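*Asks:* First, the structure itself, so that you have it in front of you.
2 protein chains.
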Amino acid sequence: MYKFADWTDDIQHSMMRRLNRHFEGIDDFLSLAGGLPDPDLMPNVPLAEAAQKTLLEQHSTALQYGGNRQSLKEHIANFMQQRGVTCTADDLEITIGGQQCMSLTTKILLNPGGTYAVGDLSYAGIRQAAKSLRPNVLSIPIDPHTGLDLDVLEQHLKDGARPAFLYTVPAAHNPVGVTMPLEQRKRLMALARQYQMLVIEDDAYGFLEYDGEPVPALAAIDPEWAIYLGSFAKILSPGIRLGWVIAPKPILEKVAIAKQMQTLSPSPLSQHIVDNYLSDNDFPALLTQLRTAYGSRRDVMMDAIDEHFPAGVTAYRPTGGMFVWVQLPQGVDGIEVMKHAAAQNAVGCLPGAAFATDAVAEDKYQSNLRITFVRYNEERIAEGIARLGRTLKETI
Amino acid sequence: MYKFADWTDDIQHSMMRRLNRHFEGIDDFLSLAGGLPDPDLMPNVPLAEAAQKTLLEQHSTALQYGGNRQSLKEHIANFMQQRGVTCTADDLEITIGGQQCMSLTTKILLNPGGTYAVGDLSYAGIRQAAKSLRPNVLSIPIDPHTGLDLDVLEQHLKDGARPAFLYTVPAAHNPVGVTMPLEQRKRLMALARQYQMLVIEDDAYGFLEYDGEPVPALAAIDPEWAIYLGSFAKILSPGIRLGWVIAPKPILEKVAIAKQMQTLSPSPLSQHIVDNYLSDNDFPALLTQLRTAYGSRRDVMMDAIDEHFPAGVTAYRPTGGMFVWVQLPQGVDGIEVMKHAAAQNAVGCLPGAAFATDAVAEDKYQSNLRITFVRYNEERIAEGIARLGRTLKETI
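Top to bottom, those sequences are chains A and B. Numbering-wise, this note's numbering puts 142 at position 142 of the first sequence, and it's gapless, one number per residue. Numbering-wise, this note's numbering puts 1296 at position 296 of the second sequence, and it's gapless, one number per residue.
As structure tokens, this is what we get:
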């Protein structure tokens, strides 16, 4: 009876969201599935103080319409030095989290039916953001040790492929966990410049590297060909829904206008609260605290994996981020393992197929799992791995 | 050097935003231009209490990822009775203000190059929301006494026009201020049903009617063919960035998915704060207080207009909302009046052309102004009109 736009004919929630139903109503369920940061590590009391200042002293701007909050942009430009990026407040736009970064940048760069490049494993959000444009996707394999397979990418470019952009998560890749080494980063940005291909760098996990000095962002290597997407979700709070885009001026101007078309502005209330929080607290100390806590949880998870996983299962140790990528023996179906884990052992994980960019990748990664080590304390993490180990012994 | 999506070739900020530069750096400037509610009427102290409860007692959900907050949806469904709409929490989706309502509903209903219908005068946000789809626009005249010209609309439909939707602001229209009478509403919804045309009802001002019983929403008359857009911007705070869509199930499902693709979810933090505010305070009393204050300001403005505006200028008294629509003598250029008012008399207004849907309408409404009576207290409103009266005597 109702007529919808054609692109909505096959719209559905992401596979990740649809799989969630397998996790519902299970007693003492312990989820290593979703990418949820630990709320106990979010500074709610200082944020409550920041909210008081906002609502009692700044309400005439915080509760009113508004654009980017200048002093928040200055804070962000300042702590971006931790990623090797030198920029000023004028080089960035505040957005409604990383997802709006993706929907805005795809919207201004991609024509309907156009082509973009992305890892054959990827955060589903980019596919969701681009979906209404019914794009062609150039799928690039992900190597669990070095990230995007640049040989394959270069061959496509040599063969004449001209994607509107490449989307990538070079730091602590979701779902594989791999951080692209500096050499590969330099080679990627040299390719970007040579073929005039914009690289959308989703750096959601860039501030969460646990083993020594972090690798600089792609935007630090070549700011002319990188569009940097940042987010407070993993380093302060996802519920505040704030992120940022750093891009060359001509791109940033279009992002700003597209943003107004979509939602007017990110919440002035949230912007004031985070701005006050950053002014009145030691944010670098919070980042250090998160790195210490999550790095230690990563170690606990890897040790527990050594103890509980059966032979023939490989888990890749990430240097940062939130995820461990698990390779099951060939032929074992990750979706079946996930269902068994939830129903029999009350533990959640996600199958590799949930992150596959296309049907080929769904097949290629059918024997993989993604698990996360950030949601719980160390004891619960170890318990989760024990349950998952039991599952693996029962199913493979 | 960079390649952008084709639609961005002529992208620019809305005319309203571009005109703002004329208002900058003027001493003692008094703006009757923007549609900004009065922050002194926003309940910042109760909101601060709601924020404390949120951040000290509910932070594990408020700071985490999340979807719609169920109890907030229940509050909204409850107070929608004031608009004659009977619905439950399941009939609505929470959004990031009215603008996201527009960008989501256009996105799921309109194909690239498709056609939608809208008043020849309209809030610019709908044009912005639809712009990337490069649509054709069926422009329907607005009558300052009854709203949309339904004879013209019906003729188009009879002649075979099949717009993907009609967008309209039936309550206290922006910019004309007119509230569509019940008879016209019934006729509009009968046409909608007859021609299977969805009507997007932007009811941003629906809770702000000052003269007795409000006319029921279009969604109360025919919920099957109306998509209701609500917003907290004008009745609580724009800075909180929350709105809602009420629509038939098949439409609502697609809105929910498109929303996730665009921004994941509206801020869980904002949702908790507003939910707590609504639970712990008397929101209907706030609405009454707003109606009393704004209604009285409307009266003050109309009285001051009688006193200060020269003969030959007509101002239409609205029954609700925020705006008075002014008709200048034919041939007088509203943009020139606006510039003179700002530069010479330190008062802001907007020209009718800023709300024109197309070039024909820009011409048709070149001798109009929109002014608002909600931003300031009564004394300042009267002073603003005295200044504008002076301007009119100097320019026409």
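The C-beta atom is built at its ideal place from N, Cα and C for all residues, glycine as well. As the structure is a prediction and not an experimental result, all values here were calculated from the model.
1. What three-state label does DSSP hand Phe1283(B) in the structure shown?
2. Who pairs with Ala226(A) in a beta bridge, going by DSSP?
3. Terminal residues of the continuous alpha helix (DSSP H) containing Phe1079(B)?
4. Does chain C have any CB closer than 7 Å to the CB of Leu47(A)?
5. Between the stretch 1255–1271 of chain B and chain A, which residues of the former have CB atoms less than 7 Å from a CB of the latter, in chain order?
6. Would you mind reading off the limits of the alpha helix (DSSP H) that contains Ala124(A)?
7. So which residues of chain A does Asp1006(B) contact, with C-beta pairs closer than 7 Å?
8. Beta-carbon of Ser1237(B) versus every beta-carbon of chain A: anything under 7 Å?
9. Starting from the beta carbon of Ser103(A), find every residue of chain B whose beta carbon is closer than 8 Å, and list them in chain order.
10. Pull up the distance between the alpha-carbon of Gly66(A) and that of His1013(B), whole angstroms please.
11. Give me the Cβ distance between Leu148(A) and Thr168(A), rounded to the nearest whole Å; I'm assuming they're in contact under 8 Å.
12. With DSSP as the reference, please indicate the residues paired to Asn1111(B) in a beta bridge.
13. Beta-carbon separation of Asn950(B) and Thr1105(B) under 7 Å?
14. Using the Cα positions of Ala1050(B) and Ser1237(B), report the straight-line distance between them to the nearest angstrom.
15. Name the residues in the stretch 1024–1037 of chain B whose C-beta lies less than 9 Å from a C-beta of chain A; which are they?
16. Taking Cβ to Cβ, would you say His272(A) is nearer than 7 Å to Gln58(A)?
17. Considering only their Cβ atoms, is the gap separating Ile1396(B) from Leu1032(B) smaller than 7 Å?
18. If contacts are defined as beta-carbon pairs under 8 Å, then Leu1188(B) and Leu1218(B) qualify, I think. What distance do you get, rounded to the angstrom?
19. Taking a contact to mean a Cβ-Cβ separation below 7 Å, would you say Ser1480(B) touches Ser103(A) in this structure?
20. Could you tell me the alpha carbon to alpha carbon distance between Ile96(A) and Pro216(A), rounded to whole angstroms?
21. Using a Cβ-Cβ distance cut-off of 7 Å, determine whether Ser1231(B) contacts chain A.
22. Do Ala1117(B) and Pro1175(B) count as a contact pair if the criterion is CB distance below 7 Å?
23. Output the distance between the C-alpha atoms of Glu19(A) and Leu392(A), rounded to the nearest integer angstrom.
24. For chain A, check one thing: does any of its Cβ atoms lie closer than 7 Å to the Cβ of Tyr1116(B)?
25. Mind the definition here: the stretch 1298–1309 of chain B touches the stretch 1379–1386 of chain B only if three or more C-beta pairs lie below 8 Å; say whether that holds.
26. Find out if the Cβ-Cβ distance for the pair Pro37(A), Gly177(A) is shorter than 7 Å.
27. Quick check on DSSP: helix, strand or coil for Gln1327(B)?
28. Check whether the Cβ atoms of Thr1054(B) and Asn1281(B) lie closer than 7 Å to each other.
29. When DSSP labels each residue in this structure, what does Ile1396(B) get in the three-state scheme?
30. Let me make sure I understand the geometry here. Which of Tyr294(A), Ile305(A), Val326(A) has the alpha-carbon closest to that of Ala386(A)?
31. Of all the CB atoms in chain B, is at least one closer than 7 Å to the CB of Met42(A)?
32. By the DSSP assignment, the beta strand (DSSP E) with Leu138(A) in it spans what residues?
33. So which residues of chain A does Leu1328(B) contact, with C-beta pairs closer than 7 Å?
34. Please identify, using Cβ separations under 7 Å, the residues of the stretch 116–138 of chain A that lie next to chain B, in order along the chain.
35. Among Gly230(A), Ser60(A), Pro329(A), which has the Cα closest to the Cα of Glu93(A)?
36. Find the nearest neighbour of Ala1233(B) within the set Ile1227(B), Trp1225(B), Leu1242(B), judged by alpha-carbon distance.
*Replies:* So, from the listed chains and residues:
1. Taking the second sequence and counting its residues from 1, the one referred to as residue 1283(B) is at position 283. Looking at Phe1283(B) - three-state DSSP - the assignment turns out to be helix.
2. Here residue 226(A) corresponds to residue number 226 of the first sequence, with the count starting at 1. Beta-bridge pairing links Ala226(A) to Val199(A).
3. For the purposes of this step, residue 1079(B) is taken as the residue at position 79 of the second sequence. In the DSSP assignment, Phe1079(B) falls within the alpha helix (DSSP H) that extends over 1070–1079.
4. Reference to chain C is not applicable here, since the protein chains of this structure are A and B.
5. From the stretch 1255–1271 of chain B, only Ile1257, Gln1260, Met1261, Gln1262, Thr1263, Leu1264, Ser1267, Pro1268, Leu1269, Ser1270 have a Cβ closer than 7 Å to chain A.
6. Here residue 124(A) is taken as the residue at index 124 of the first sequence, counted from 1. Secondary structure note for Ala124(A): its alpha helix (DSSP H) is the uninterrupted segment 124–130.
7. The sequence position of residue 1006(B) within the second sequence is 6, counting from 1. The answer, in chain order, is Asn111.
8. In the second sequence, counting from the first residue as 1, residue 1237(B) sits at position 237. A Cβ of chain A is located within less than 7 Å of the beta carbon of Ser1237(B).
9. For the purposes of this step, residue 103(A) is taken as residue 103 along the first sequence, with counting starting at 1. Per Cβ cutoff of 8 Å: Met1261, Gln1262, Thr1263.
10. By one-based count along the first sequence, residue 66(A) stands at place 66. By one-based count along the second sequence, residue 1013(B) stands at place 13. Roughly 15 Å separates the two Cα atoms.
11. Within the first sequence, the letter at position 148 stands for residue 148(A). Within the first sequence, the letter at position 168 stands for residue 168(A). With a contact defined as Cβ atoms closer than 8 Å, Leu148(A) and Thr168(A) qualify at about 6 Å.
12. Taking the first residue of the second sequence as 1, we reach residue 1111(B) at position 111. Paired residues: none, contrary to the question.
13. The structure shown does not extend to residue 950(B), since chain B spans only 1001 to 1396, so no value can be given for it.
14. For the purposes of this step, residue 1050(B) is identified with residue 50 of the second sequence, where counting begins at 1. For the purposes of this step, residue 1237(B) is identified with residue 237 of the second sequence, where counting begins at 1. Distance from the CA of Ala1050(B) to the CA of Ser1237(B), rounded to the nearest whole angstrom, comes to 14 Å.
15. Taking 9 Å as the Cβ-Cβ cut-off against chain A, the residues of the stretch 1024–1037 of chain B that qualify are Gly1034, Gly1035, Leu1036, Pro1037.
16. One-based indexing of the first sequence puts residue 272(A) at position 272. One-based indexing of the first sequence puts residue 58(A) at position 58. Contact: yes.
17. The sequence position of residue 1032(B) within the second sequence is 32, counting from 1. The sequence position of residue 1396(B) within the second sequence is 396, counting from 1. 7 Å or more divides the Cβ of Leu1032(B) from the Cβ of Ile1396(B).
18. As a first step, residue 1188(B) must be located in the second sequence, where it is residue number 188. As a first step, residue 1218(B) must be located in the second sequence, where it is residue number 218. Confirmed, Cβ separation roughly 7 Å.
19. Past the edges of chain B, shown from 1001 to 1396, lies residue 1480(B), and the structure says nothing about it.
20. Counting from one through the first sequence, the residue named residue 96(A) turns up at place 96. Counting from one through the first sequence, the residue named residue 216(A) turns up at place 216. Taking the straight line joining both Cα atoms gives about 24 Å.
21. Taking the second sequence and counting its residues from 1, one reaches residue 1231(B) at position 231. By this cut-off, Ser1231(B) is not an interface position.
22. As a position in the second sequence, residue 1175(B) is number 175, starting the count at 1. As a position in the second sequence, residue 1117(B) is number 117, starting the count at 1. Their beta carbons are not under 7 Å apart, which means Pro1175(B) does not touch Ala1117(B) by this criterion.
23. Your numbering for residue 19(A) matches position 19 in the first sequence. Your numbering for residue 392(A) matches position 392 in the first sequence. Going by the sequence as given, residue 19(A) is Leu instead of Glu. So the alpha carbons of these two residues sit roughly 19 Å apart.
24. For the purposes of this step, residue 1116(B) is taken as residue 116 along the second sequence, with counting starting at 1. With 7 Å as the cut-off, Tyr1116(B) does not count as an interface residue toward chain A.
25. Verdict: yes, contact present.
26. The residue labelled residue 37(A) in the question sits at position 37 within the first sequence. The residue labelled residue 177(A) in the question sits at position 177 within the first sequence. No, they are not a contact pair.
27. Your numbering for residue 1327(B) matches position 327 in the second sequence. Gln1327(B) falls in the strand class under three-state DSSP.
28. Taking the second sequence and counting its residues from 1, the one referred to as residue 1054(B) is at position 54. Taking the second sequence and counting its residues from 1, the one referred to as residue 1281(B) is at position 281. Not a contact, by the Cβ cut-off of 7 Å.
29. In the second sequence, residue 1396(B) corresponds to position 396, counting from 1. Ile1396(B): coil per DSSP, three-state reduction.
30. Within the first sequence, numbered from 1, the residue matching residue 386(A) stands at position 386. Nearest in C-alpha terms to Ala386(A), of all of Tyr294(A), Ile305(A), Val326(A), is Ile305(A).
31. For the purposes of this step, residue 42(A) is taken as the residue at position 42 of the first sequence. Yes, contact with chain B.
32. Taking the first sequence and counting its residues from 1, one reaches residue 138(A) at position 138. 136–140 is the span of the beta strand (DSSP E), which, as asked, contains Leu138(A).
33. Translated into positions along the second sequence, residue 1328(B) becomes position 328. Neighbours of Leu1328(B) on chain A: none; closest Cβ ~28 Å, over 7 Å.
34. Hits within the stretch, in order: Gln128, Ala129, Lys131, Ser132.
35. For this step, residue 93(A) is matched to residue 93 along the first sequence. Looking only at Gly230(A), Ser60(A), Pro329(A), the smallest Cα-Cα distance to Glu93(A) is reached by Gly230(A).
36. Position 233 of the second sequence holds residue 1233(B). Nearest option by C-alpha distance: Leu1242(B).
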